[in-house]
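Participant: Could you have a look at this structure, given as structure tokens, before my questions?
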Amino acid sequence: MAKARSTQSKRPPVERNAKPASPDKSPPTEEVIAEALQELNPQEIEFCEVYLTCYNGTKAYQQVYGVENSASAATCAWRLLNNVDIRAYLAKRMKAMFERTEEASDKLIQQLQYAAYGDINELVEYRREACRYCYGKDHLYQFTPAEFRRAEMRADADSEEFDPQGGIGFDPRQEPHPDCPECHGDGEGRVFFKDTRRLSPAGLALYAGAKVSKDGIEIKTANHERARELLARILKLFEDKTEVTVNLDTATLEEKYAAKMRAAHERQAQVLKERRSDG
């Protein structure tokens with residue numbers, strides 16, 4: 681049952697066991713509702729949640745309490761918004777909302793940084809690897825074990841003498857041999873696509889999909905220039921954000937207004953005087 685409070689407002693009877701609706705995309709948790717129900721009734725909580733979606737007390741009150749008269753709704757909404765328990769609940773909910781917004785902003789900036797300045801080698805590499813002659817015996821053609829067995833079988837089937845050439849052990853992952861007489865230490869070029877299941881966060885931000893066609897596989901990447909442009913805009917907004925605080929009481933404002941009015945009257949009198957002189 682809700683506690684008595686210093687600021688009271690007339691409300692229609694409510695069903696105490698009703699579960700408050702929450703139009704917010706990030707509704708309050710069950711724990712938050714349970715805690716709030718110690719001070720507020722379900723309709724008051726619902727009013728707060730609707731208010732947080734529009735920040736219009738009149739509209740929120742009309743929607744929750746079904747009041748058509750906007751003047752009455754505005755008065756009742758003002759009373760609710762000045763209630764100490766409702767103000768505390770709104771402050772708590774707004775704090776949580778801003779924290780989520782800040783976290784989402786940080787994640788967005790991080791993703792843009794990855795997309796703007798990420799290393800394309802996270803996705804695709806062009807490698808210079810050992811050629812078949814780099815590490816073969818006497819720099820002759822080198823087989824893999826399976827290739828060696830197949831070559832032996834073909835030679836046997838053709839009743840030919842098998843030439844082992846550079847032997848077994850070819851591994852394209854090795855660095856090119858600097859003294860190789862065939863590739864002269866340059867090796868052979870090969871395009872290597874990384875396993876997208878094991879990409880780092882930076883790699884995932886860069887990766888925009890893969891396209892398979894008759895010409896081969898195409899790895900799509902995020903637009904670097906677009907990401908940099910968006911990042912620059914966001915950071916520029918942060919840099920240019922300036923807070924201005926003006927503290928003026930009523931007396932000071934009235935004094936400034938009176939001074940402006942006096943100056944305006946003096947200018948008007950001067951103009952009239954000049955016109956009479958010209959006449």
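Per this note's numbering, the sequence shown starts with residue 681, numbered consecutively. Even glycine gets a Cβ: it sits at the ideal position worked out from N, Cα and C. Small disclaimer: the values here were computed from a predicted structure and weren't measured.
Please report the straight-line C-alpha distance between N903 and D875, rounded to a whole angstrom.
Facilitator: So the alpha carbons of these two residues sit roughly 21 Å apart.
Participant: Provide the residue span of the beta strand (DSSP E) that contains Q806, from first to last.
Facilitator: Reading off the sequence shown, one finds Tyr at residue 806, where the question assumed Gln. That run of the beta strand (DSSP E) goes V804 to E809.
Participant: Kindly indicate the opening and closing residues of the beta strand (DSSP E) around K787.
Facilitator: It is not in any beta strand (DSSP E) - K787 instead sits in the alpha helix (DSSP H) that spans V764 to Y797.
Participant: I'd like the span of the alpha helix (DSSP H) that includes T755, first residue to last.
Facilitator: It spans S750 to L761 - the alpha helix (DSSP H) in which T755 sits, taken as one unbroken run.
Participant: Run the CB neighbour count on P856, radius 10 Å, all protein chains shown included, and call it buried at 16 or more, exposed below.
Facilitator: Classification for P856: buried.
Participant: What did DSSP end up calling Y887 once you bin it into helix, strand or coil?
Facilitator: Reduced to three states, the DSSP call for Y887 is strand.
Participant: Since V871 is in the beta strand (DSSP E), which residue starts that stretch and which ends it?
Facilitator: Here the beta strand (DSSP E) through V871 covers E868 to F873.
Participant: Following the continuous alpha helix (DSSP H) through K900, name the residue where it begins and the one where it ends.
Facilitator: Counting along the chain, K900 falls outside any alpha helix (DSSP H), though it belongs to the beta strand (DSSP E) covering G896 to T901.
Participant: Please classify Y806: is it buried, with 16 or more other beta-carbons within 10 angstroms of its beta-carbon, or exposed?
Facilitator: So Y806 ends up on the exposed side.
Participant: How many Å lie between E673 and R808 at the Cα?
Facilitator: The shown model of the chain, from 681 to 959, leaves out residue 673, and the question about it has no answer.
Participant: Could you tell me which residues DSSP pairs with V892 in its beta bridges?
Facilitator: Beta-bridge pairing links V892 to I897.
Participant: Under 8 Å, do R908 and F850 count as touching if we go by C-beta distance?
Facilitator: No, the pair does not count as a contact, with Cβ atoms beyond the cut-off.
Participant: Need the endpoints of the alpha helix (DSSP H) that I725 sits in, please.
Facilitator: Here the alpha helix (DSSP H) through I725 covers P722 to C734.
Participant: Going by DSSP, what residue range makes up the alpha helix (DSSP H) through V744?
Facilitator: Its alpha helix (DSSP H) spans residues G737 to Y745.
Participant: Roughly how many angstroms separate the alpha carbons of D799 and T733, rounded to a whole number?
Facilitator: When rounded, the distance between both Cα atoms is 41 Å.
Participant: To the nearest angstrom, how far is it from the Cα of V924 to the Cα of L915?
Facilitator: Legend: pLDDT at V924 = 49, less than 50; position of this residue unreliable, value from coordinates given subsequently. Distance between the alpha carbons of V924 and L915: 20 Å.
Participant: If you draw a straight line from the C-alpha of F872 to the C-alpha of R906, how long is it?
Facilitator: So the alpha carbons of these two residues sit roughly 26 Å apart.
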